[in-house]
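Presented below is the structure to which this report refers.
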Amino acid sequence: MLLLADRGYDGFEALREAAATGADLLWRVQAGRLLPVIRPLPDGTHLTWITDRRSADRLAKWQQRGRRTALPVMTALTLRVISCLPGPGPTDQSTDGP
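Going by the numbering used here, the sequence shown opens with residue 365, and the numbers climb by one from there.
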């Protein structure tokens, strides 16, 4: 089963509950969502973590330190990011002359 969801439903709790069903998930997330590259994959995608609020703070501090310290204890889901950048916007294809 494939479960689809739009942005606005990308909170940690919603993702965790959906993942617990055993379904494959295809989720669109909010533009400002932090999706750190944890491990790049050969096909151009990468693994990331979605964390609860407390763990998000720990993860941000760990990244700011350049990942030189041990990974903090956190509650997280490991997810694969297919694309996190929007494509080019619509082009002006008007037929009006100059």
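Quick reminder that beta carbons are idealized off the backbone N, C-alpha and C, glycines included. This structure is a prediction, so every number in the text was calculated from the model and none was measured.
Taking the CB atoms as reference points, tell me whether residue i and residue j lie closer together than 7 Å.
{"i": "Ile414", "j": "Leu443", "result": "yes"}
{"i": "Thr412", "j": "Ile446", "result": "no"}
Excluding the five sequence neighbours on either side, which residues of its own chain have a C-beta within less than 8 Å of the C-beta of residue i, listed in chain order?
{"i": "Leu379", "result": "Leu389, Trp391, Ile414, Leu441 and Leu443"}
Please list the terminal residues of the continuous alpha helix (DSSP H) segment that includes residue i.
{"i": "Arg431", "result": "Counting along the chain, Arg431 falls outside any alpha helix (DSSP H), and DSSP gives it neither H nor E."}
{"i": "Ala382", "result": "Phe376 to Ala384"}
On a Cα-Cα basis, can you pick out the residue from the options that is closest to residue i?
{"i": "Leu399", "options": "Val437, Leu366 and Gly375", "result": "Gly375"}
Would you kindly report the start and end of the unbroken beta strand (DSSP E) that includes residue i?
{"i": "Leu443", "result": "Ala440 to Val445"}
{"i": "Thr412", "result": "His410 to Thr415"}
{"i": "Asp388", "result": "Asp388 to Trp391"}
{"i": "Leu435", "result": "Premise fails: Leu435 is in no beta strand (DSSP E) and is neither H nor E."}
Please work out which residues of its chain come closer than 7 Å, Cβ to Cβ, to residue i, disregarding the five sequence neighbours upstream and downstream, and give them in chain order.
{"i": "Gly386", "result": "none"}
{"i": "Ser419", "result": "Met438, Thr439 and Ala440"}
What residues in its chain sit with their C-beta under 6 Å from that of residue i, if we drop five residues either side in the sequence?
{"i": "Met365", "result": "Ala387"}
{"i": "Val401", "result": "His410"}
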